[in-house]
Structures are given as structure tokens and as C-alpha cells.
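A short worksheet on the structure shown next.
Residue numbers (the UniProt record's numbering): 1 to 607.
Below, the structure written as C-alpha cells:
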């Protein structure tokens, strides 16, 4: 019995534990002591308590590290989409999206939309999406019933009740980086909603663009018995209650193919301009995308009237085709068109738009200088903002035979191809390209245009000089056919030398408008000051004045050039010089061009 006592004397750690135990046998006590000693150390040096403490510390360290990394990521993400502390409600939408980190370039194609974010579920879905702009509908609670209340709610007709008021909707949206567009289907809700916006702006600061939309005019295919909102009152409400917005006045549109497919008209554009011409706000016109290309001659006219104007293309269940979207893209500036388009069309369009070296779908009735800029920048996929070529540098090249045509197509010449259209006795209704010189083989105008269609990005426009109304009609039909085949994407000018009476001029303009309106009309002037027909005021086509100086004295010619100031604001001007006046100082033209940047003064010289 001495052995256990000896062990206890040798190991004081065990001796200390004995008084706390009740022993039934000395031998089991000895083994238990050995096991306890072995369990007290881990990894050769750590007690159980220390190991637990260390595990807890390591766990806390990992938790803190993960939290810190997450916080950094969230902070960076929040910073990239942070709403500016101060931004005007009438500010530019693209500027806001850039400042809030949602886009990196002023391009309306980059802005994304969410439709009908009305109920709380729809609104929350929109707020959690990647959409940058929420488009929602405002009406009055119980609108159209005896129980209507003066409370703006978020609902699209025919719904007249909602779980979301405009006030609640604004609070939720203002807690996000989203911009807003409010659509109104009734005039009764406009004034009350603008009051809510005004109060909210005072209490919370609506630090983002606010767009206010309503259909205020009858548009394509809409029957007259369907009344739009009163546009005058709509605009008055805005000026009186909350003027710091972007106004979005539109047309009511009905589109039911194959019967109801008419497009926008010049009269629709003029009516809209008469309505909004004096408003101080930025204006974005909602355009039904499916009809945008066919009505472009009129839509582009309205867009050109003010730098404050932009377009917002919208769609319904009918998807536009990508070619038409590219056409709009190629004939407008990226900052002036927004694309409220659904998937998958939107993604397909974006991919096609950034394709390097693609065909430029230029509007044949568009500005020659815009075409030259686009072709020059085609490979870089950038939309030009400044003039690369001076209009005075544009060359006017007479096509005399096939050889000259192929030479012009092969050279890097920037200019206009002059084509004298003719016919022969055998087939008087078939337009031909007048030939001269050694190689005087006659070829048809259709062959010529098809050949150009195979070289779409050659920087050459076409000026067709037509002698008779009969050939004019035949020429216009060919142009329409080539255009429908998507082989006519360059400027086309048309002139007639035989317009001696106002009636002739009217027939000329009417034929163009009826058969193929997508051209620039050229009116030749043989005297000064030019006799410009009053009937061209309502033309949807661009107009170029072709001024011949052959019969003018030098003093009269100098006076003419000084007087071009007023003409260049409204027309392209083509001055044709002859060999008699070749010594005239060309600096007069250059001075005129410098003073009026953006105007188109061309000189056709025979020197």
C-alpha cells in the first residue's frame, strides 16, 4: 500500500486532487490519474481550456474578417450607385445616371426601364431590379365612381384601386438610386399629383429627374371619338404647380396590322410643336417604335427644332425589328434617343449596334454632312459630335460612264455623284444614266443604284438631275424599290431643270411626297434674290437651293454671299461657279462657313 503514497509524493498535482474524491479502490485511482494527465494536454502543450479560448479567438477573427470584406464590397457597390445629394428634378437624365454611377457614357441606349411599377409588389420588384428608371401610372382612388377620393394612387386603367399611393411610392423610390417617369391617363389626377411632388420635394428633396407623361394628341390610327388629355391644361398644371420636370407629351396610338398601320404625319408633328413650342422645360416625345422608321421624315423634323427635344421609343406586344432600331440609331445622336424596349429585342439591338464595320443605315433624306461623319466614324463605332469634313471640301463628281463611276467608288473621294438621268426612244419610261466620252455605254439607273448598294459605306451621296416629270415618277419608283431592299443608305438629292412655273414646282413636290419622300429636294435658282416658293414651308423633306452665278456680276455675287446668312439657317445651299468667275476670292465662302458652323454651304466649281 506504500506504492500509491510514493506516487503521490512524486506528483504533487495528483496529491492535490485526492481530497476531493471518494475512493473505493487504490488501483482505479491510479489509472484515472494517468488518463486525466494525458487529457489535460493537446498538441503537446495546450490545456483544454486554452484550446477552447484559442478556437473562440480564431472564430471571432474569421467572423470579423468576413464582415469587413463584405462591408468593403457593399460600400464600393453603394458608392458606385450612390444617388447625388443634390440634383435638380428638371435635370438631364443621362447626367443623373452618370453621376449616380449607373452608366459611364451619355448614351440613351444605356438607360434601362421597368414598366408599371405600381402595386407594392411590382414596385419592390422594380426597386430590386437592375432597371434605372421606374415608369409608373398615376390615377385617383376610385376614379370614375361616386366614391372617388382626391388621393393619387399607383394603378393603370382600368384599375382604380391600389395598395400603393403616390406618396408611399415616392418614399420608396427616393430610398433608391432610381429615376422616375409618371404616366397620367386622366387630367383630374395631374394637379393633385403635382401637389404631392411639390410637397415631397420640400420635405425630402427629390434629388433626381422627374418625367411627366401624358398622351395629349391623337396619333396614328386613333379614332377621333377617343379623346386625349387636354394638352393645354396639362402643361398649365405643370407650369403652375411643379415646373421643374421634363415634359413628355405624346400621341395616342393604335396599331393593329395588317389594317391599322399608318404612321406619324407632318401635321401631327406640327400640332405637337404648336402645343409645346413655348414651354421652358426639356421635352421628350414618346414615339411608338414600330412606326418610328416609317415616320422618320416627320419625326426627325420635330426633333431638329430644338436641342431641348429628345425621343423615347416605346413598345407594346409588337416587337420592333433590329434593322429599324439601327436605322433610328444611325440617324440620331445617342444623347437624344431613349430606348424603352423589351427583351430579347433590346439585347439583340445592343449587340448589333456595337458591331464594328456594320452597314450604316442612313436615311436618304438626311443631311449629307451627317452621312459623311457617320461613314468616317463607322469603324470606330462612335457617333461624331463635331464636323470632320468641311462642306466646302465636298467634291461634286459627274458620272459620265461606267469607268468614271468605278473610279469614284475605288478612290477615297468624299462627295456627291452627279447623275444626269435620261431615256431612249425605245424605252422612254426606263431611267438611264446619261453617258458621254469614249466609253459611252449606257446603263440603267437601277443598275447604278444596285452597284452603290453593294458599297454602302463609300462616302458618296447621289444628286439625280431629272429632265421630265415622266422620268421623275419612274425614278422615284426605282428609289422606293431599292430602299425596300435595304440597299439605299446614302443621301439622295433630286432636282428638275424644267420647273418654270409654280404649277411645275408643285407637281415636282407632290410626286416626291407620294412616291418616295425620303430625299432632299433641290430647287434651282437662276436669279438673285432667289424666288423661293411659299409652298415649301410645310415640306417634310430637306431643301437645298442650287444657285447659279453665271449671269451675276461680281458685285451682285459678293452681295449674294453675304446674304446667304439668312438662307443657311433654313436650307442647304449649293453655289455653282463657272469658268468666268474662277478668280473670285474663295475666302468669302470660307468666312461664311466659319461664321455659321453647322450650316451646309457647298460649292460646285467648273474651274
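Beta carbons are placed, not taken as given, at the ideal position from N, Cα and C, and that holds for glycine.
This structure is a prediction, so every number in the text was calculated from the model and none was measured.
CB of residue i within 8 Å of CB of residue j, strictly
i, j, result
"residue 264", "residue 298", "yes"
"residue 100", "residue 177", "yes"
"residue 447", "residue 483", "no"
"residue 509", "residue 545", "no"
"residue 164", "residue 120", "yes"
"residue 90", "residue 282", "yes"
"residue 222", "residue 254", "yes"
"residue 543", "residue 571", "yes"
"residue 532", "residue 573", "no"
"residue 268", "residue 313", "no"
"residue 311", "residue 284", "yes"
"residue 214", "residue 158", "no"
Residues that residue i bridges to, as DSSP identifies them
i, result
"residue 577", "605"
"residue 542", "520"
"residue 495", "465, 522"
"residue 421", "433"
"residue 87", "Looking at the DSSP assignment, residue 87 forms no beta bridge with any residue, so it has no partner."
"residue 444", "432"
"residue 260", "256"
"residue 460", "415"
Residue i, DSSP secondary structure in three states
i, result
"residue 410", "helix"
"residue 339", "strand"
"residue 278", "coil"
"residue 273", "helix"
"residue 509", "helix"
"residue 375", "helix"
"residue 430", "coil"
"residue 547", "strand"
"residue 287", "strand"
"residue 395", "strand"
"residue 114", "strand"
"residue 600", "coil"
"residue 527", "coil"
"residue 94", "helix"
"residue 415", "strand"
"residue 572", "strand"
"residue 36", "At residue 36, the pLDDT of 47 sits below 50, so the modelled position is not reliable and the matter cannot be decided from this model."
"residue 265", "coil"
"residue 488", "coil"
"residue 504", "helix"
"residue 351", "helix"
"residue 565", "helix"
"residue 450", "helix"
"residue 367", "coil"
"residue 356", "coil"
"residue 102", "coil"
"residue 390", "coil"
"residue 400", "coil"
Nearest-angstrom Cβ-Cβ length linking residue i and residue j, presumed shorter than 8 Å
i, j, result
"residue 112", "residue 132", "5 Å"
"residue 362", "residue 490", "6 Å"
"residue 476", "residue 512", "7 Å"
"residue 225", "residue 190", "That pair is no contact at about 22 Å."
"residue 458", "residue 409", "6 Å"
"residue 600", "residue 367", "7 Å"
Task: Ordered list of beta strand (DSSP E) runs contained in the segment 127-182, each at least 3 residues - done: 133-140, 152-154
TODO: Please list the segments of the beta strand (DSSP E) lying wholly inside the segment 291-335, counting only runs of 3 or more residues, in order along the chain.
DONE: 309-314
Task: Complete runs of the beta strand (DSSP E) confined to the segment 185-252 [at least 3 residues] - done: 210-218, 246-252
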